[in-house]
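Asks: This structure is in structure tokens; I'll ask about it shortly.
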Amino acid sequence: MIAHTEIFSAEDIANSVSHGVGLGAALVGFVVLAVTAWATGAGLQIVGALVYGLTLVALFAASTVYHSVTHPRVRRALQVVDHCAVFFLIAGTYTPFALVTLAGPLGWSLLAGVWAMALLGVTIKLFWFGRFEGVSLALYLLMGWTIVFAIKPLWLAMEPAGVALLFGGGLLYTAGVAFFVWERLFLNHAIWHLFVLGGSVCHYLAILFYVLG
């Protein structure tokens, strides 16, 4: 029992610290995004930056607080929020690419599709948390890779470096899922968090320099 408690403590410390660092970076990054978008004077750039920045901050805040709390009932409620925040971040990440880079009917259709999937995922988490975990994971991945249906227009509208950052971030998130589900591995969730940080950095840079820039 003692060994289990020590492992649990180490896991939660690693989890909260890793995404606590992410939260600090996200807050600073949000300010930079907001200022950059505001300087463009374009409404869609501003909306896209704000939606993405807020969902990024929300994800890291939810994760950090969840992993910092030990009270069972509070922790359970925060876990639901944490999982919902993932759906919102995926949809939030799509928002500037859909509104600014793709734009037009394709951009709006893509935006509507991913936000609809996000709301479906949040509904599952709110009403059936702990059930349909396979469905939730599949929905995360489906949302993340829906962008492949717009790969050609995206390639034509965006610089290659931006496309590389976008897909590089997606690959990091996807690779991290292997550690997320590998529950027997010590610190598996913290390792997953590192992949999330890496994916977030890639997408942030793509948006800052190749969507707003």
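In my numbering, the protein residues as written are 13 to 225. Don't be surprised by glycine CBs; every beta carbon is placed ideally from N, CA and C.
Tell me which residues share the same chain as Val-59 and place their Cβ nearer than 7 Å to its Cβ, disregarding the 5 neighbours each side in the sequence.
Replies: Same-chain partners within the cutoff: Leu-111.
Asks: So, at 6 Å on beta carbons, what are the nonlocal neighbours of Val-223 in its own chain, with the 5 sequence-adjacent residues on each side left out?
Replies: Around Val-223: Pro-108, Val-112 and Thr-113.
Asks: Can you check which of these residues, Leu-184, Gly-225 and Tyr-216, is closest to Ile-66 by C-alpha distance?
Replies: Sequence inspection shows Leu at residue 66; the Ile mentioned does not correspond to that position. That would be Tyr-216, whose Cα lies nearest to the Cα of Leu-66.
Asks: Leaving out five residues on either side along the sequence, give the residues of the same chain with a beta carbon under 6 Å from the beta carbon of Gly-225.
Replies: Excluding positions up to five away in sequence, the list is empty.
Asks: Would you mind giving the Cβ-Cβ distance between Ala-125 and Leu-151, rounded to the nearest angstrom? I have them listed as a contact below 8 Å.
Replies: What sits at residue 125 in the sequence shown is Gly, not Ala. About 12 Å separates the two Cβ atoms, so there is no contact after all.
Asks: Below 8 Å, can you find three or more Cβ-Cβ pairs linking the segment 183-198 to the segment 140-156?
Replies: Result yes; three or more Cβ-Cβ pairs closer than 8 Å.
Asks: Could you tell me the alpha carbon to alpha carbon distance between Ser-30 and Thr-76, rounded to whole angstroms?
Replies: If you take the alpha carbons of Ser-30 and Thr-76, they lie about 8 Å apart.
Asks: Nearest-angstrom Cα distance between Ile-203 and Leu-118?
Replies: Near 36 Å, if we compare the C-alpha coordinates of Leu-118 and Ile-203.
Asks: Can you grab the Cα-Cα spacing for the pair Leu-123 / Ala-115, in whole Å?
Replies: So the alpha carbons of these two residues sit roughly 10 Å apart.
Asks: CA-CA distance, His-205 and Val-63?
Replies: Roughly 22 Å between the two C-alpha positions.
Asks: Go ahead and label Phe-100 buried or exposed: buried means 16 or more other beta carbons lie within 10 angstroms of its beta carbon, across all protein chains shown.
Replies: Buried, because 16 or more other Cβ atoms sit within 10 Å of the Cβ of Phe-100.
Asks: Could you check what DSSP says for Val-29 in three-state terms: helix, strand or coil?
Replies: If DSSP states are grouped into helix, strand and coil, Val-29 belongs with the helices.
Asks: If distances are taken between C-alpha atoms only, which option among Phe-198, Pro-84, Thr-82 and Gln-91 comes closest to Ala-74?
Replies: Minimum Cα distance to Ala-74 is reached at Gln-91.
Asks: Closest by CA to Leu-138, which one among Val-33, Val-69, Ala-89 and Phe-72?
Replies: Considering only alpha carbons, the answer is Ala-89.
Asks: Under the assumption that Ala-103 contacts Ala-130 (Cβ atoms under 8 Å), give the Cβ distance between them as a whole number of angstroms.
Replies: Confirmed, Cβ separation roughly 4 Å.
Asks: Here's the rule: buried if 16 or more other CB atoms are within 10 angstroms of the residue's CB, otherwise exposed. What is His-83?
Replies: Counting Cβ neighbours within 10 Å, His-83 comes out exposed, since fewer than 16 surround it.
Asks: Would you kindly work out how many angstroms separate the C-alpha atoms of Trp-50 and Ala-61, rounded to a whole number?
Replies: C-alpha separation (whole angstroms): 9 Å.
Asks: Taking all protein chains shown into account, decide if Thr-135 is buried (16 or more other Cβ within 10 angstroms of its Cβ) or exposed.
Replies: Per the 10 Å Cβ criterion, exposed.
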